[in-house]
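The structure appears below as structure tokens.
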Amino acid sequence: MKLVYTTKIEEYGAGRFMEYRIPAVTITQKGTVLIAYESRKEAGNDWSAVWITVRRSVDGGKTFGSPVYPHEIPDRENGDRVITWSNPVLIADGGRVHLLFHQDYEKAWYCCSQDEGISFGKPVEITDCFRALPWCWNVCASGPGHGIVTDKGRLVVPIWLARGEIRLDLDKSGRIKNHFPSAAGCIYSDDRGKSWKPGFMTQGIENANETTVAQLSVGKFLFNFRNERYEKCRVMGIADRGLSGLEAVWNETSLPDPTCFGSMVRAGENLYFVNCAHRDPVHFYGDRIHLTVYESPDDAATWKPVTEVDENGGYADICADEKGLFILYERGVAGKVKTLLLKRYEW
């Protein structure tokens, strides 16, 4: 696999925002590369004023157009109240592009583009689907990253929920809550996003949260969980086509992880996974290192590293076309300017 080019998407502190995080990337049938991410008014604050930003490229990711803000709602309402728009998930689906995101980690929204991401329809609230999940929560989020379209046309989106302590020490309104304890699961749509249904929720995976999914060759689903197990590796689970629960769960010790979001995609007969391949238990940027792509040729029975994307890293999302991979990731280096980068690899 060969690196073809690197595109700098954002530089932290440049423009209107102090930080650009939580990347999502997908590519349409026509070859339009779409990216989404959080543009944050404050650095290092998941609950700051945040906008969901979507941008598109028609030259294979070399250049990107102006930002689109699909929620089209100010980051403040009712006086000084901050609104946190978070956790974007993209799904390329034929002529459509689906987008899910969240408001203050308490409401979920869905919208769709019919024009390759040039514009998005009015967002529709889908929080009721999250409330139907068998888990009591006060924090909800999707993905982040990308969801998938199955061989039967079903849309599948990984999600996570938390029942967090209300942090009145940080915000007297009670808006800010811890992101733990948590559990992960999924939601799905069988009508191209018109309605959404609850899937399963995990049990027994310590603080499972940000998750990625791919469909296996037999039609079942492989879920790949961020977690807080002491082994410091990814946890894998296989769900049947009905998404009613996990048939098997295991620690994938060949995929070390410092408790950070990583992403997975199917390309032909192979699975690819990207994350910071590091087991250090401390979660600062300095420990999110060795951003690495792994390959599995056998439906996740085995994994091998194929390339190191960057010595430094952070959250990363991945998508594929017939020529290779796109990886959109946070590059964090202690004491230096941080960036959001897109790298293009070809087979």
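My numbering applies: residue 129 is where the sequence shown begins, and numbers increase by one.
Backbone N, C-alpha and C fix where the C-beta goes; we use that ideal spot for every residue, glycine too.
One alpha carbon belongs to Y457, the other to Y238, and they sit about 23 angstroms apart. Where D438 is concerned, there is no enclosing alpha helix (DSSP H), although the beta strand (DSSP E) around it starts and stops at 432–440. Counting only the Cα atoms, T340 lies some 19 angstroms from R407. Classified as exposed, S247 has fewer than 16 neighbouring CB atoms from the shown chains inside 10 Å of its CB. Taking one beta carbon from each stretch, the stretch 293–306 and the stretch 268–282 have fewer than 3 pairs nearer than 8 angstroms; the two do not touch.
C-alpha of F192 to C-alpha of E138: approximately 11 angstroms in a straight line.
Straight-line measurement puts the Cα of R369 at about 32 angstroms from the Cα of T435. Taking a 10 Å sphere around the C-beta of P198, we find 16 or more other C-beta atoms and assign the residue as buried. Straight across, the Cα-Cα distance linking T467 with A428 is about 31 angstroms.
Judged by their CB atoms, G271 and E359 are not nearer to each other than the 8 angstroms cut-off.
F258: member of the alpha helix (DSSP H) spanning 255–259, first to last residue. In the DSSP secondary-structure assignment, G313 is bridged to I287, M329. Per the C-alpha coordinates, the member of D385, N335, V285, N306 positioned closest to F349 is V285. The three-state reading of DSSP puts D445 in strand, counting E and B together. Bridge pairing for R472: Y133, F454 [DSSP].
Here DSSP, grouped into helix, strand and coil, assigns D426 to coil. The beta carbon of R362 is closer than 6 angstroms to those of N352, E380, L383, D385 in its chain, skipping five residues each way along the sequence. Here the alpha carbons of R149 and T212 stand approximately 13 angstroms from one another.
Around the CB of D426, fewer than 16 other CB atoms lie within 10 Å, so the residue is classed as exposed. As the crow flies, the alpha-carbon of L399 is around 15 angstroms from that of H274. At the C-beta level, V377 and G365 come within 8 angstroms of one another.
As a beta-bridge residue in DSSP terms, D221 pairs with R224.
If you draw a straight line from the Cα of R168 to the Cα of I417, it comes to about 23 angstroms.
Under the DSSP assignment, W237 falls in the beta strand (DSSP E) whose first and last residues are 235–241.
In this model, C388 and E356 are separated by some 10 angstroms (Cα to Cα).
A269 is positioned such that its CB atom lies no closer than 8 angstroms to that of I254.
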